[in-house]
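Numbered per this note's numbering, the sequence shown finishes at 436, counting up by one with no gaps. Where is the CB? At the ideal position from N, CA and C, for every residue including glycine. Keep in mind it's a predicted model, so treat the numbers as computed, not measured.
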Amino acid sequence: MSVNCSSAKCSPVVSTAQKSAKKSKRTPHSNTGVPTSRKTQVKTFVEPVLDWVCVSLKKHTILDIKKYFGNDFVKVDYAPMFYDYMLVYHEKIKILVSSRKDMNLCILLSGRACRELENYYSWDTFFRFIKLYSHHSKTGEYIPNFNFTRIDYSYDFYNWNVDILDKVKSHFDKGNYTSLFRRITSMYAKDGKGYIIGRSFRFGKRDSDLSVIIYDKLLERNANDHIIDNSIKSWTRIECNFMGTNAMLLFDMIDKQQMNVSKEVMQILYRYIDFKHGGTYEDKKHNNMCRRKTAKWWRDTLNVTEKLSFSKKAYQSTIDKKINVVEHKYMKSLSMAVVSVQLTRSKRKKVPLLNELITKSVKKLNDYDLQVVNEHLLKNGLKPITMAKLEQLIKNLI
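Written out as C-alpha cells, the structure reads:
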C-alpha cells in the first residue's frame with residue numbers, strides 16, 4: 039500500500055520480527071476505501087507518494103548502513119554510476135559503494151524500492167538516518183553532510199472523472215496552455231497489432247532540475263503484466279522530477295513540514311503548467327493566454343488556487359566571503375590600477391585612487407549591504423549601526 043505522504047504522521051517503524059510478514063502484491067486503488075460503481079466513475083484521489091529517491095552520504099559508513107538496514111543484504115559485484123559494487127536489501131533497496139575516497143555512499147530507491155522501504159521502515163526514521171551526521175558550524179551555518187540528487191513526487195489519479203491525458207492533448211494541440219517549460223514532448227506507443235500500450239506528455243528536459251511527466255500508469259502496468267485490482271478502470275500519474283539543487287530544496291520542504299507538502303507541490307506544478315479555458319467569448323477576446331482563466335478540469339485536478347514559486351535560495355553573503363572575493367579576484371587588478379593611476383596623476387590631485395573608489399561605492403550601499411555588515415558586527419560582539427553611521431565611518435577612514 040502506498041504511503042500517504044501528505045499526512046503529518048508516517049507509517050510506524052516495523053520491528054525485525056515483523057519483517058517476515060506477508061505483503062500484498064495487489065495495486066492499491068484508493069486511499070479512502072470507496073468502491074468504484076459500475077454505472078458512474080468515482081473520483082478517487084491518492085495523495086502524493088515519493089516515487090524515486092537518490093541521496094549521497096558524505097560521512098556515513100558501511101557500519102552505519104548495516105545498523106539501520108540490517109545484515110540481510112545481497113552483495114552485487116556491479117553497480118551503476120561508476121560505483122564498484124552495491125548492497126541490495128529486500129531485492130530493491132540499493133546501497134552503492136565505491137573504494138574511491140572522492141565518491142560517497144549512495145542510496146538509490148526506485149519506485150518499487152520506495153514501497154519496500156515503507157513496508158519495512160518509515161520515511162520519518164529514514165530521513166533521520168540521512169541527517170545523522172548533519173551539524174552546525176561555529177558560525178551557525180548548517181552543514182548537511184548529505185546531498186539529494188533526485189526526488190520524484192507523484193500523484194496518482196484512479197478512476198478520475200475526466201481522461202487527463204486526453205484533456206492535455208486537446209489543450210496542447212489547440213495551444214490553450216501556458217508553461218515555463220520550453221520543451222514539451224508527447225509519446226503514443228503502439229504494439230505490432232496497433233493497440234496503444236503507452237501514452238505520455240513530458241514537460242521539460244529529462245535531466246533538467248525540474249520536469250513533469252503525465253502518463254497512463256494503467257497501460258504501463260498492463261504492458262509489464264502486473265496484477266491490477268479489478269476496480270481500477272483508469273489510472274493516470276502526474277510525476278514531478280526534482281533534480282540537483284531542486285531535490286535538496288524539496289527535501290528541506292519535506293523535512294520542515296513533516297512530509298505534509300502535497301499542497302505546495304501542486305502549487306509548484308500549477309505555476310509551471312496551466313491549461314487554459316478557450317471556449318467562451320470572454321476567453322477568446324484575450325490574445326494573451328496568461329489572462330485567460332484556468333480550465334475547470336485542470337483546476338479540479340490540482341485542487342489549488344495559488345501558484346508557488348520554486349527557486350534556488352538566495353546567496354547569503356558575509357564579510358568573510360566579501361574579503362575572500364576581493365583577495366582572490368580583484369586584489370591584483372586593484373593594486374595595479376592604484377599604483378599606475380597614482381604614478382601618472384599630477385601632484386595637484388593628491389586623493390589616492392583607492393579612496394576615490396570607496397567614496398563612490400558608499401553611494402551604492404543598500405539595506406542588504408547594511409544587514410551583512412551588522413551580522414558581522416553582532417558575530418564579533420559589537421552593536422549594529424545605521425546606514426548614516428556606516429557612511430560616516432567610511433568617510434572618516436579615508
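Length of the line joining the Cα atoms of residue i and residue j
i	j	result
HIS414	ILE357	6 Å
GLU429	VAL400	6 Å
LYS433	VAL410	19 Å
ILE234	ALA227	6 Å
TRP336	PRO422	50 Å
ARG237	TYR159	34 Å
ARG329	SER373	54 Å
TRP361	PHE348	Residue 361 is actually Ile in this sequence, not Trp. Spanning the two alpha carbons is a distance of roughly 31 Å.
LYS417	THR339	49 Å
ASN393	HIS174	38 Å
ARG275	ASP254	6 Å
MET291	SER224	30 Å
ASN341	MET304	8 Å
ARG166	GLY282	21 Å
LEU431	ILE396	12 Å
VAL51	TYR171	With a pLDDT of 36 at VAL51, under the threshold of 50, the predicted position of this residue should be treated as unreliable, though the coordinate-derived value follows. VAL51 and TYR171: Cα-Cα distance of roughly 21 Å.
GLU277	LYS370	50 Å
ARG64	LYS132	Confidence in ARG64 is poor, its pLDDT being 37 and thus under 50, which makes the residue's placement unreliable; the coordinate value appears in the next sentence. When rounded, the distance between both Cα atoms is 23 Å.
MET327	ARG221	18 Å
ASP194	GLY108	32 Å
LEU146	ASP229	32 Å
ASP115	HIS98	21 Å
TYR121	LYS113	13 Å
VAL206	LYS139	47 Å
TRP273	THR332	23 Å
HIS67	ILE265	Interpretation of HIS67 is limited by its pLDDT of 34, a score under 50 that renders its predicted location unreliable; the figure taken from the coordinates is listed afterwards. So the two alpha carbons sit approximately 12 Å from each other.
ARG244	ASP263	26 Å
GLY242	PHE219	5 Å
GLN380	GLU365	21 Å
GLU179	MET286	16 Å
PHE441	ASN142	In the structure as shown, the chain starts at 39 and stops at 436, and residue 441 therefore has no counterpart that could be examined.
THR382	TYR368	21 Å
ASN260	PHE210	26 Å
ASP293	PHE164	11 Å
SER300	THR343	14 Å
GLN295	ILE181	20 Å
TYR196	ASP267	11 Å
GLU302	LYS334	20 Å
LEU88	LEU403	45 Å
Burial state of residue i, where buried means 16 or more other Cβ atoms lie within 10 Å
i	result
LYS60	Residue placement at LYS60 cannot be trusted, given a pLDDT of 38 that sits under 50; what the coordinates show is reported in the next sentence. Classification of LYS60: exposed, given that the 10 Å Cβ count is below 16.
GLY419	exposed
ARG240	buried
PRO86	buried
GLU156	buried
TYR127	buried
ARG9	Nothing about residue 9 can be read from this structure; the chain reaches only from 39 to 436.
ASN279	buried
LEU203	buried
THR70	Confidence is the limiting factor: at THR70 the pLDDT is only 35, short of 50, which leaves the residue's position unreliable, though a coordinate-based value still follows. Answer is exposed; the Cβ neighbour count stays below 16.
ILE251	buried
LYS427	exposed
SER192	buried
LYS398	exposed
LYS314	buried
Nearest neighbour of residue i, chosen from the options [CA to CA]
i	options	result
SER29	SER272, ASN284 and LYS231	Nothing can be reported for residue 29: it is not among the residues displayed for the chain, which extend from 39 to 436.
LYS169	LEU146, ASP102, LYS345 and LYS421	ASP102
LYS345	ILE361, VAL93, SER373 and LEU307	LEU307
SER136	HIS174, ARG153, LYS130 and PRO118	PRO118
PHE289	GLU129, ASN185 and LYS255	ASN185
ALA151	VAL93, PHE164 and GLU129	GLU129
SER269	LEU256, ASN279, LYS243 and GLN305	LEU256
ASP405	MET425, SER272 and SER246	MET425
LYS104	CYS92, MET124 and SER208	MET124
ASN298	ASP162, THR343, ASP122 and LYS96	ASP162
SER246	THR332, ILE133, PRO390 and ASP190	ASP190
VAL200	LEU134, LEU381 and LYS271	LYS271
ARG188	VAL93, TYR215 and GLU179	VAL93
LEU391	TYR180, THR382 and VAL376	VAL376
ASN183	SER300, GLN295 and LYS96	LYS96
LYS359	SER300, LYS231, ASP407 and TYR215	ASP407
TYR215	ASP312, ASN412, LEU88 and SER355	ASP312
SER355	ASN412, SER378 and ASN325	ASN412
Distance between beta carbons of residue j and residue i, contact taken as under 8 Å
i	j	result
TRP90	GLY149	6 Å
TYR106	SER217	Not quite, the Cβ-Cβ distance comes to about 41 Å (not below 8 Å), so this is no contact.
GLY316	LYS212	6 Å
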